[in-house]
Amino acid sequence: MWFVNEYKKVMAFFNFGSRSDLSSPFTEEQARLLTWTKVLEEEALKRQKITISELKEVTARCAREVGEQADFKKLLLTRAEGVLELLRSKSAVPSKRPQGIPYLVIGSALGVLAFIGGVLTNEFSVTGNRINLLSPPLLGVIAWNILVYCWIAAAVLFNRGKSPVGFIRRFFAGLLLKLQTRGSHGQEALVSFYSKWTEDEMPLLRRRIAEILHFSAALFGLGLIASIGIHGWGTEYTVGWESTWLSEKPAAVLTFINLFYGMIPTNADLFNQLTPQVIESMKFGAGHGQNAAPWLVQLFYIISLIVVVPRVLLGLYAYAKARYIENHFPIDLESVYYSNILRQWRGQTMLIQIIPFSYPLTEKVKDEIQKFASELHPENSRCVFSAAQHENTKLPEIPGGEQTEVVAVFAMTSTPETEVQGNFINELKQKVQDSKALLRIVVDTSGFLARFANTPQRITERKKNWSNFLAPYGVSFAFVNLTDADVKDAAAQFEQAK
126 MWFVNEYKKV
136 MAFFNFGSRS
146 DLSSPFTEEQ
156 ARLLTWTKVL
166 EEEALKRQKI
176 TISELKEVTA
186 RCAREVGEQA
196 DFKKLLLTRA
206 EGVLELLRSK
216 SAVPSKRPQG
226 IPYLVIGSAL
236 GVLAFIGGVL
246 TNEFSVTGNR
256 INLLSPPLLG
266 VIAWNILVYC
276 WIAAAVLFNR
286 GKSPVGFIRR
296 FFAGLLLKLQ
306 TRGSHGQEAL
316 VSFYSKWTED
326 EMPLLRRRIA
336 EILHFSAALF
346 GLGLIASIGI
356 HGWGTEYTVG
366 WESTWLSEKP
376 AAVLTFINLF
386 YGMIPTNADL
396 FNQLTPQVIE
406 SMKFGAGHGQ
416 NAAPWLVQLF
426 YIISLIVVVP
436 RVLLGLYAYA
446 KARYIENHFP
456 IDLESVYYSN
466 ILRQWRGQTM
476 LIQIIPFSYP
486 LTEKVKDEIQ
496 KFASELHPEN
506 SRCVFSAAQH
516 ENTKLPEIPG
526 GEQTEVVAVF
536 AMTSTPETEV
546 QGNFINELKQ
556 KVQDSKALLR
566 IVVDTSGFLA
576 RFANTPQRIT
586 ERKKNWSNFL
596 APYGVSFAFV
606 NLTDADVKDA
616 AAQFEQAK
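According to my numbering, the sequence shown holds residues 126 to 623 in order.
Quick look at the structure:
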């Protein structure tokens with residue numbers, strides 16, 4: 126159940142000592158630094174402003190600087206500063222740097238506007254010194270918040286505990302991302318950075334937006350309460366009702382008032398004395414209403430307990446989640462880029478075991494795979510090829526160790542089936558996990574491209590078919606033309622499909 130998973134996450138939050146990964150958690154700022162460095166490094170290599178040998182020297186120097194007992198996080202951060210220093214010496218660092226989102230400024234401004242909005246809502250709800258109990262602004266505030274709580278509860282219940290992402294949150298996310306990426310047009314490095322960063326940042330961005338919206342809603346309620354309370358000090362409010370549709374139906378008005386204003390049972394005497402006759406006398410067209418003091422107190426309770434308190438609690442929950450993600454920002458240390466750095470740091474050789482499925486590899490294709498693998502992992506790697514696997518074939522042995530990478534190769538000309546390729550992936554995935562190795566999937570597009578070169582729609586449809594098939598298995602995959610492999614594109618696909 127989802128709540129069991131949430132419990133495990135909470136326990137992990139307080140149990141850092143039992144971590145078995147390579148480094149302590151990264152913060153958002155540290156992750157941004159590493160991602161920016163990675164983008165600049167790849168751009169500089171592409172433009173031949175630096176060489177792999179120079180990067181090796183930086184990694185070796187930083188490894189000596191942090192010492193053998195340091196964790197991988199310290200090495201990566203030290204290396205990032207070293208790479209940026211190298212790039213500056215080559216004039217390969219753009220003048221514009223990635224911009225963060227000014228959440229404090231945005232949240233403060235939105236909070237002030239929300240408070241003012243609450244004050245103005247009271248102004249629109251009150252005519253002179255008369256408070257209409259059927260006033261749409263007042264009722265709308267309460268109804269909207271109840272609707273939001275129902276939406277959150279339903280989304281959590283039917284979405285297995287995942288946070289709901291409604292229209293408002295998506296709208297603000299898009300707005301803030303546009304604010305963040307302003308001025309990046311024409312800057313290739315910044316465009317490349319944001320294409321990677323925005324996807325990684327999205328979980329944190331949504332939590333921060335939720336935090337801002339919930340606290341702003343609470344301030345809206347406080348503004349409404351403050352306005353009514355301050356005006357009530359110097360104004361004698363009267364409370365009553367008027368309505369075009371319910372003018373001749375005091376019994377219906379009584380039912381509505383009991384249901385809506387009596388949802389918080391804090392003043393039973395106030396509602397016990399209500400009858401259709403009393404409601405009729407409270408009609409502004411028939412009388413002068415009643416003194417508003419007990420009704421204002423009841424309204425304060427309703428706004429406090431329906432709007433302010435729940436929104437503050439939801440805001441605090443979003444704040445806690447945002448701070449947790451901010452200090453435990455996800456970095457895929459199994460990606461090609463970081464695994465190469467790790468391997469050089471440890472002085473290890475990457476063993477790449479190629480396992481094709483129903484796809485006998487020719488010597489030419491093997492040579493291309495060898496070249497592709499050596500470019501993907503330029504640091505001390507070697508390939509071994511296993512025989513082509515078929516249904517009910519016993520899987521080959523996989524050497525244990527964190528520096529073993531298994532690459533399952535499929536031909537895109539074949540049609541994926543759960544009972545065939547799916548069973549193979551599940552069995553291979555389990556064996557790879559038992560061996561503490563890493564599994565990736567390569568779908569060779571060369572045969573399909575040669576056959577349907579003139580029908581790009583067929584190519585797109587087949588890729589979509591394979592992507593939809595592979596996604597549920599949780600294994601990174603890439604579509605690669607093994608007769609002319611684009612290593613950078615493949616590495617990007619592996620990261621995106623993780």
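The C-beta atom is built at its ideal place from N, Cα and C for all residues, glycine as well.
Remember, predicted model here, so these are calculated numbers, not experimental data.
Quick check: the Cα distance between Arg587 and Arg565, rounded to an integer number of angstroms?
19 Å
Among the residues of its own chain, which have a CB less than 7 Å from the CB of Ala376, if the five just before and after it don't count?
Excluding residues within five positions, the ones whose Cβ falls inside 7 Å are Pro401.
Return helix, strand or coil for Ile566, following the three-state DSSP convention.
strand
In whole angstroms, give me the CA-to-CA distance for Asp609 and Ala278.
51 Å
Under 6 Å Cβ to Cβ from Asn548, same chain only, skipping five residues before and after it: list those, please.
none
Quick one: give me the first and last residue of the alpha helix (DSSP H) that Gly357 is part of.
Looking at the DSSP string, the run of the alpha helix (DSSP H) that includes Gly357 is Glu313 to Gly359.
Considering only residues of the same chain and omitting the five flanking positions on each side of Gly410, which have a CB-CB separation below 7 Å?
If we look at Gly410 and ignore the five residues flanking it on each side, its Cβ neighbours are Glu367.
Tell me whether Lys374 sits in a helix, a strand or coil according to DSSP, three-state version.
coil
Under DSSP, the alpha helix (DSSP H) around Pro219 begins and ends at which residues?
Counting along the chain, Pro219 falls outside any alpha helix (DSSP H), and DSSP gives it neither H nor E.
Taking contact to mean at least 3 C-beta pairs separated by less than 8 Å, is the region 183 to 192 in contact with the region 335 to 342?
no
Please determine, among Pro227, Asn254 and Gly225, the residue with the shortest C-alpha to C-alpha distance to Ala417.
Asn254
I'd like to know if the region 346 to 364 and the region 461 to 469 are in contact, where contact means that at least 3 CB-CB pairs between them fall below 8 Å.
no
Quick check: what's the CA-CA separation for Asn397 versus Phe454?
56 Å
Per-residue DSSP class, three states only, for Ser483:
coil
Would you decide whether Val237 is buried or exposed? Buried here means 16 or more other CB atoms lie within 10 Å of its CB.
exposed
If distances are taken between C-alpha atoms only, which option among Ser592, Leu424, Ser560 and Asp611 comes closest to Met537?
Ser592
Write down the C-beta distance between Leu88 and Ile382 rounded to the nearest angstrom, noting that I regard them as a contact closer than 8 Å.
This structure does not reach residue 88, given that the chain is present from 126 up to 623, and the question cannot be answered.
Could you check what DSSP says for Asn140 in three-state terms: helix, strand or coil?
Because Asn140 sits at a pLDDT of 37, beneath the cut-off of 50, its placement in the model cannot be relied upon, and the following sentence gives the value as read from the coordinates. Three-state result, Asn140: coil.
Distance, Leu553 Cα to Gln473 Cα
24 Å
So what does DSSP say about Gly265, is it helix, strand or coil?
Note: Gly265 maps to helix in three-state DSSP.
Please report how far the alpha carbon of Asp146 lies from the alpha carbon of Gln155, in whole angstroms.
Confidence in Asp146 is poor, its pLDDT being 44 and thus under 50, which makes the residue's placement unreliable; the coordinate value appears in the next sentence. The alpha-carbon atoms of Asp146 and Gln155 are separated by roughly 17 Å.
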